[in-house]
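Asks: My structure is below; once you've seen it, I'll send some questions.
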Amino acid sequence: MSKYSKFWPKGGLPGILHHYTETLVTFEYTSTAAARQPHSLVFIGGLGDGLATTSYTADLVRALAPTEWSFFTISLTSAGQAWGVGHLDRDTNEIAQCVRYIKEYKAAKYGAGDKEAKVVLMGHSTGSQCVLHYLYRPNPHTGSPPSFDPYVEHVERPAVDGAVMQAPVSDREAIHWVLQHGIGDRSPESCREAYHAMEALAKEAARNRELDGAMLPLALTDRIYPPNTPISCRRFLSLVSPDSPHSPGEDDLFSSDLGEEQLASTFGAVHKGGLLRHKLMVLHSGADQSVPDHVDKQKLLDRWGDVADRNGEFQVWDREHSGVIPNASHALSNDDQAEPRQWLCRRVLSYLDTALKVEK
């Protein structure tokens, strides 16, 4: 039997559960330490996350308690075990609905107009893919709803007052690390066997034009991914992106081998998108177990920053606050992560202070 959380206090933390649609919710942590919190930090977790499942957010909640910022954790349709059938367009449509709801809620509560109440997005791991997708893609998303998700509603995404990406790792490079080293009690040979079988099934579904509805067998996915997680052939190919680096899948945004042309269409398109009123802050974890050893994290951040800024033409990248969190694991959830978690909190609070100084 699992133990109680070692990060969240017994008895929980107070807050308000908001419905930003009829079926989707966001939880706002409230504080008696601050009389007024008109500004909002909206947190998006990674694959498998849901409401309040990223442990270091407990530290952020406590750090923000005496400030004018309240912390929101969001639930998406793709939360929990549903990530294997999700996609970034739906995720960012739902994030946009949540942002709009929070803006209206804070305006009504504090009498603060759009110029006064700030909203900043923060993504962890694959939540970082959501943040970047939100910022660089056409607004609203173009095209008809896909056949695998015919009821998705493309909405106009509101501009945000800041954006933070923490642990923006490559799912493709992470899975190839697993194929080399294994995972849990699974040997590298067992993982490679399952991977190649899944890749063959997914590519066959694509050739037969059955990609939208085809699912991978749990007997194969359980050998690499968390157990009992349904994964479509479409999402699998998007994440592992076998045609990269020349033709990356939708989810392959952060691989270290992507070329300038690919990065220019993502990081390099943030300024043109016009949805970010402040700079983009990006934090890699120094000891991230999801990043291969050959990847120089600081060099990769510098490269992304140069592309985002178009080599000095724009000022999109926050060079003061972006960086590598010393000794931090992927989700800062190990027993030795107290100092990296405090480092993260200090850096995020400093970034939020600068966001307050940006006029809309």
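All residue numbers in the sequence shown are consecutive under numbering that gives the first Met the number 0, ending with 359. The C-beta atom is built at its ideal place from N, Cα and C for all residues, glycine as well.
1) Could you check whether the segment 209–219 touches the segment 228–247, counting it as contact only if at least three pairs of C-beta atoms, one from each stretch, sit closer than 8 Å?
2) Okay, do the segment 250–262 and the segment 168–176 touch, 3+ Cβ pairs below 8 Å being the bar?
3) Quick check on DSSP: helix, strand or coil for GLU115?
4) In the DSSP assignment, what residue or residues form a beta bridge with TRP68?
5) In angstroms, rounded to a whole number, what distance separates the CA positions of LYS9 and ARG61?
6) For SER349, which option in TYR3, GLY258, LEU63, TYR100 has the closest C-alpha, if you only look at C-alpha atoms?
7) Keeping to the same chain, check which residues put their C-beta closer than 8 Å to that of VAL306; ignore five residues upstream and five downstream.
8) Go ahead and label THR72 buried or exposed: buried means 16 or more other beta carbons lie within 10 angstroms of its beta carbon, across all protein chains shown.
9) Assess, as a yes-or-no matter, whether the segment 93–104 is touched by the segment 144–161 under the definition of 3 or more beta carbon pairs within less than 8 Å.
10) Which of the three DSSP states, helix, strand or coil, is assigned to GLN128?
11) Any chance the segment 138–147 sits against the segment 114–123, with 3 or more Cβ pairs inside 8 Å?
12) If you compare alpha carbons, which of SER39, PRO226, PRO339 is closest to GLY83?
13) Compute the Euclidean distance between the alpha carbons of ALA299 and VAL323, then round it to the nearest angstrom.
14) My guess is that LEU274 and LEU134 are in contact by the Cβ rule of under 8 Å, so how many angstroms apart are they, rounded?
15) Near TYR224, what residues of its chain come up, given a Cβ to Cβ distance below 7 Å and the 5 sequence neighbours on each side ignored?
16) When the Cα atoms are used, what is the spatial distance from GLN179 to TYR109?
17) Here's the rule: buried if 16 or more other CB atoms are within 10 angstroms of the residue's CB, otherwise exposed. What is GLN314?
18) Between which two residues does the alpha helix (DSSP H) carrying TYR350 extend?
19) Between the Cα of GLY126 and those of LEU282, THR66, SER240, spot the shortest distance and give me the residue it belongs to.
20) Tell me the residue span of the beta strand (DSSP E) that contains GLN261.
21) Can you give, in chain order, each stretch of the beta strand (DSSP E) that sits fully within the segment 158–219 and has at least 3 residues?
22) Pull up the DSSP beta-bridge partners for PHE26, would you.
23) For ILE15, is the classification buried or exposed, using 16 other Cβ atoms within 10 angstroms of its Cβ as the cut-off for buried?
24) Using C-beta distances below 7 Å, list every residue in its chain close to LYS105, excluding the 5 sequence neighbours before and after it, in chain order.
25) Enumerate in chain order the residues of its own chain whose CB-to-CB distance from GLY85 is below 8 Å, with the five nearest sequence positions on each side excluded.
26) Is the CB-CB distance between GLY161 and ALA354 below 7 Å?
27) Taking SER332 and SER284 to be in contact with their CB atoms under 8 Å, please state how far apart those CB atoms are, rounded to whole angstroms.
28) Return the residue from the list THR91, TRP316, TYR150, HIS270 that minimises the CA-CA distance to PHE42.
Replies: Reading off the structure:
1) Contact holds: three or more Cβ-Cβ distances are below 8 Å.
2) yes
3) Here the question's residue 115 lines up with position 116 in the sequence shown. Three-state result, GLU115: coil.
4) Taking the first residue of the sequence shown as position 1, residue 68 is located at position 69. Looking at the DSSP assignment, TRP68 forms a beta bridge with HIS38.
5) Within the sequence shown, the letter at position 10 stands for residue 9. Within the sequence shown, the letter at position 62 stands for residue 61. Approximately 15 Å between the Cα atoms of the pair.
6) In the sequence shown, counting from the first residue as 1, residue 349 sits at position 350. SER349 has its Cα closest to that of LEU63, out of TYR3, GLY258, LEU63, TYR100.
7) As a first step, residue 306 is located in the sequence shown; it is residue number 307 there, counting from the start. So the qualifying residues of the chain are GLU259, LEU262, ALA263, PHE266, GLY267.
8) Numbered from its first residue, the sequence shown carries residue 72 at position 73. Buried, since its Cβ has 16 or more Cβ neighbours within 10 Å.
9) In the pairwise beta carbon analysis, the segment 144–161 is classified as touching the segment 93–104: at least three pairs are separated by under 8 Å.
10) Looking up residue 128 in the sequence shown gives position 129. Of the three classes helix, strand and coil, the one that applies to GLN128 here is helix, per DSSP.
11) The count of Cβ pairs closer than 8 Å, one atom from the segment 138–147 and one from the segment 114–123, stays below three, leaving the stretches out of contact.
12) Here residue 83 refers to the residue found at position 84 of the sequence shown. Closest option to GLY83, Cα to Cα, is PRO226.
13) Locating residue 299 in the sequence shown gives position 300, counting from the first residue. Locating residue 323 in the sequence shown gives position 324, counting from the first residue. A quick correction: the sequence has Leu, not Ala, at residue 299. Computed Cα separation, rounded: 10 Å.
14) Counted from its first residue, the sequence shown places residue 274 at position 275. Counted from its first residue, the sequence shown places residue 134 at position 135. The pair is a contact, with the Cβ atoms about 5 Å apart (cut-off 8 Å).
15) The residue labelled residue 224 in the question sits at position 225 within the sequence shown. Here the set comprises ILE230.
16) Your numbering for residue 179 matches position 180 in the sequence shown. Your numbering for residue 109 matches position 110 in the sequence shown. When rounded, the distance between both Cα atoms is 54 Å.
17) Your numbering for residue 314 matches position 315 in the sequence shown. Exposed, by the Cβ-count rule.
18) Walking along the sequence shown from the start, residue 350 turns up at place 351. Counted as a single uninterrupted DSSP element, the alpha helix (DSSP H) harbouring TYR350 occupies residues 337–355.
19) Within the sequence shown, the letter at position 127 stands for residue 126. Per the Cα distances, LEU282.
20) Reading the sequence shown from its first residue, position 262 is the one you call residue 261. Where GLN261 is concerned, there is no enclosing beta strand (DSSP E), although the alpha helix (DSSP H) it sits in stretches over 259–263.
21) 162–165
22) To locate residue 26, count along the sequence shown from 1; it is residue 27. Beta-bridge pairing links PHE26 to LEU16, THR72.
23) Position 16 of the sequence shown, counted from the start, is the residue given in the question as residue 15. With a threshold of 16 other beta carbon atoms within 10 Å, ILE15 falls short and is exposed.
24) Against the sequence shown, residue 105 aligns to sequence position 106. Same-chain partners within the cutoff: PRO37, SER39, ALA111, ALA116.
25) Locating residue 85 in the sequence shown gives position 86, counting from the first residue. Within the same chain, GLY85 has close Cβ partners LEU75, THR76, SER77, ARG234.
26) If you number the sequence shown from 1, residue 161 lands on position 162. If you number the sequence shown from 1, residue 354 lands on position 355. Yes.
27) Sequence index remark: in the sequence shown, residue 332 carries index 333 (1-based). Sequence index remark: in the sequence shown, residue 284 carries index 285 (1-based). That pair is no contact at about 11 Å.
28) Looking up residue 42 in the sequence shown gives position 43. Taking only the C-alpha atoms, the option nearest PHE42 is THR91.
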